[in-house]
Amino acid sequence: MTPQDTAAELASAAPIFILGNGRSGTTLMRFMLNAHPDIHISEEICYHFWLRNFSGSFRRRLYCYFHSFSYAWLRMDPQVVLDKLPAELDWKDSALVYLRILQCKAAQYGKSRYGEKGPLLTERLDQLFREYPRARVIHMVRDPRAVVYSHFTMPWSTSSFLGANLMVHANMRAIARHGERILAIRLEDLLAQPETTLRKVLDFVGVEWSDNVLRHAEHLPENDGIPFPWLMEASRRPKQKSLNWQEAIPPAWIRLTETINRQALSTHGYAPHPLPHEPGVPAKICALIADLPQLFLTGWRYIRMVVRFILLSKTDARGFQTLLHSLNPAAWQRQPEWNSDLPAPPAVRSPERLLK
């Protein structure tokens with residue numbers, strides 16, 4: 211394959227990317243699109259994240275990536291990918307490697323359209339549009355107040371209201387820079403009007419309509435995705451939560467969240483929540499001060515995680531999996547039906563040729 215051939219393929223490729231804040235419906239959209247006869251979206255393979263955080267040559271980093279838990283859950287022999295790539299890989303081939311991973315996984319299910327769902331893709335939007343000019347990006351949007359509360363129940367997130375708000379704000383701001391190149395879909399609209407919303411999505415992606423997307427629970431591919439409890443919830447029909455954000459978030463933090471994320475609320479049509487008693491400035495200041503210990507605790511856990519990340523063997527898939535889900539241990543108490551002992555990543559055949 212000549213450099214000209216590679217450039218032409220990247221220019222014509224139209225991968226589908228689903229992104230947004232974590233807990234905004236990205237996984238549900240992935241399951242719905244994967245029910246389509248010609249679409250397969252991979253689950254958080256985190257290619258760019260791992261290559262950035264590993265060290266060494268490109269081949270060495272790719273070797274370590276194939277040992278990551280993110281790749282392991284693809285359940286795909288790395289040799290399947292390597293057979294579709296040039297023998298001598300270097301950084302110039304990175305965009306093609308990523309494309310081949312997505313294509314090979316889709317091909318396992320006999321599908322021609324491919325992509326990835328992952329909140330971390332937001333950090334790489336400039337790069338993705340540069341490397342794949344015809345990429346189709348779907349931004350899943352959810353009421354920021356609901357997202358902030360949902361972060362409290364995730365072991366990879368935070369128990370700090372301020373920390374969760376800042377993450378949501380930064381994510382929305384990064385995506386907003388790309389404007390009309392991205393299709394924004396509100397989770398609330400997807401749940402209330404699934405057919406109308408999904409027709410818009412499939413038209414944007416450029417595939418014909420299929421009723422399968424309306425019954426995704428009946429058309430799930432086998433051995434697909436990562437079997438973590440917060441991800442597998444979306445494989446079933448949506449159900450009402452036992453406690454919603456209106457009941458769970460203190461009034462002062464409802465107003466603070468609306469202030470911090472006012473641009474996102476306005477852009478996507480979310481109105482201020484009516485409160486029986488309006489919290490004053492002193493109540494908001496007290497709420498901020500009371501939250502600081504949780505914010506500092508999250509920061510300390512993050513620093514500890516980074517240190518352990520550096521020390522951990524780069525081929526210890528389960529070790530990294532456990533480490534990256536240790537930021538918010540209180541989440542397991544908030545979700546007693548979840549098993550905190552996450553399943554071990556599948557074994558991956560080691561691609562030794564990359565080290566030669």
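For reference, each letter of the sequence shown is one residue, going 211 to 566 in the working numbering. The beta-carbon is built from N, C-alpha and C at its ideal position, and this holds for glycine as well.
Quick one: Cα of residue i to Cα of residue j, how far?
{"i": "Thr407", "j": "Asp293", "result": "38 Å"}
{"i": "Ala497", "j": "Arg355", "result": "16 Å"}
{"i": "Lys321", "j": "Asp248", "result": "5 Å"}
{"i": "Ala317", "j": "Leu522", "result": "33 Å"}
{"i": "Tyr275", "j": "Met364", "result": "24 Å"}
{"i": "Arg289", "j": "Asp303", "result": "A small fix is needed here, since residue 289 is Gln in this sequence, not Arg. Taking the straight line from one Cα to the other gives about 16 Å."}
{"i": "Trp405", "j": "Val423", "result": "The sequence given here places Glu at residue 405; Trp does not occur at that position. Straight-line Cα distance between these residues: approximately 8 Å."}
{"i": "Phe268", "j": "Thr216", "result": "18 Å"}
{"i": "Gln545", "j": "Leu466", "result": "25 Å"}
{"i": "Gly490", "j": "Lys327", "result": "40 Å"}
{"i": "Lys315", "j": "Tyr324", "result": "8 Å"}
{"i": "Ile499", "j": "Ser369", "result": "14 Å"}
{"i": "Arg270", "j": "Arg262", "result": "12 Å"}
{"i": "His296", "j": "Gln214", "result": "A small correction: the amino acid at residue 296 is Pro; His does not occupy that position in the sequence shown. Looking at the two C-alpha atoms, the distance is approximately 14 Å."}
{"i": "Glu457", "j": "Trp440", "result": "21 Å"}
{"i": "Leu272", "j": "Arg396", "result": "35 Å"}
Kindly identify the DSSP beta-bridge partner or partners of residue i.
{"i": "Arg396", "result": "Val351"}
{"i": "Leu229", "result": "His349"}
{"i": "Tyr512", "result": "Per DSSP, none; premise fails for Tyr512."}
{"i": "Ser252", "result": "Glu326"}
Report yes if the C-beta of residue i is less than 8 Å from at least one heavy atom of the ligand GTP; otherwise report no.
{"i": "Pro486", "result": "Absence of the ligand GTP is noted for the structure shown, with no ligands found whatsoever."}
Residue i and residue j look like a contact to me (Cβ under 8 Å); what is the Cβ gap, rounded to whole Å?
{"i": "Pro561", "j": "Ala527", "result": "Their Cβ separation, rounded to whole angstroms, is 14 Å, which puts Pro561 and Ala527 out of contact at 8 Å."}
{"i": "Leu537", "j": "Arg511", "result": "5 Å"}
{"i": "Gly230", "j": "His349", "result": "5 Å"}
{"i": "Tyr342", "j": "Pro461", "result": "No, Tyr342 and Pro461 are not in contact; Cβ-Cβ is about 45 Å, not under 8 Å."}
{"i": "Arg352", "j": "Gly266", "result": "Not confirmed; about 38 Å, so no contact."}
{"i": "Thr237", "j": "Ala444", "result": "4 Å"}
{"i": "Val558", "j": "Ala282", "result": "5 Å"}
{"i": "His379", "j": "Ile470", "result": "6 Å"}
{"i": "His426", "j": "Phe241", "result": "5 Å"}
Near residue i, which residues of its chain fall below 6 Å by C-beta distance, leaving aside the five closest residues on each side in sequence?
{"i": "Ala402", "result": "none"}
{"i": "Thr525", "result": "His277"}
{"i": "Trp463", "result": "Phe371 and Ala497"}
{"i": "Leu182", "result": "Past the boundaries of the shown model lies residue 182; the chain is included only from 211 to 566, so the question cannot be answered."}
{"i": "Val291", "result": "Arg310, Ile311 and Cys314"}
{"i": "Ile392", "result": "Val347 and His349"}
{"i": "Ser567", "result": "Since the displayed the chain opens at 211 and closes at 566, residue 567 lies outside it and no answer follows."}
{"i": "Ala374", "result": "Val358, His361 and Thr368"}
{"i": "Gln504", "result": "Ser369 and Ser370"}
{"i": "Glu298", "result": "none"}
{"i": "Tyr480", "result": "Asp353"}
{"i": "Phe259", "result": "Leu330"}
Report all residues from its chain with a CB closer than 7 Å to the CB of residue i; omit the five preceding and five following residues, and keep chain order.
{"i": "Ser452", "result": "Residue placement at Ser452 cannot be trusted, given a pLDDT of 47 that sits under 50; the coordinates are not used to answer."}
{"i": "Ser360", "result": "Arg233"}
{"i": "Glu254", "result": "Ser280, Lys327, Gly328 and Ile436"}
{"i": "His429", "result": "Ala245 and Asn422"}
{"i": "Trp419", "result": "Arg409 and Leu412"}
{"i": "Thr332", "result": "Leu229, Asn381, Ala384 and Ile385"}
{"i": "Leu475", "result": "Pro354 and Glu468"}
{"i": "Asp501", "result": "Ser370, Phe371 and Leu372"}
Using the Cβ count rule (16 or more neighbours within 10 Å means buried), how would you classify residue i?
{"i": "Asn549", "result": "exposed"}
{"i": "Arg563", "result": "exposed"}
{"i": "Phe506", "result": "exposed"}
{"i": "Gly416", "result": "exposed"}
{"i": "Gln313", "result": "buried"}
{"i": "Asn433", "result": "exposed"}
{"i": "Ala305", "result": "buried"}
{"i": "Trp301", "result": "exposed"}
{"i": "Met239", "result": "buried"}
{"i": "Ala540", "result": "exposed"}
{"i": "Ile459", "result": "buried"}
Among residues of its own chain, excluding the 5 on either side of residue i, which ones have a beta-carbon nearer than 8 Å to its beta-carbon?
{"i": "His388", "result": "Leu335, Phe339 and Val347"}
{"i": "Pro431", "result": "Asn244, His250 and Tyr319"}
{"i": "Met172", "result": "The structure shown does not extend to residue 172, since the chain spans only 211 to 566, so no value can be given for it."}
{"i": "Ala223", "result": "Leu309, Tyr342, Arg344 and Ala345"}
{"i": "His487", "result": "Pro461"}
{"i": "Leu485", "result": "Pro461, Ile464 and Arg465"}
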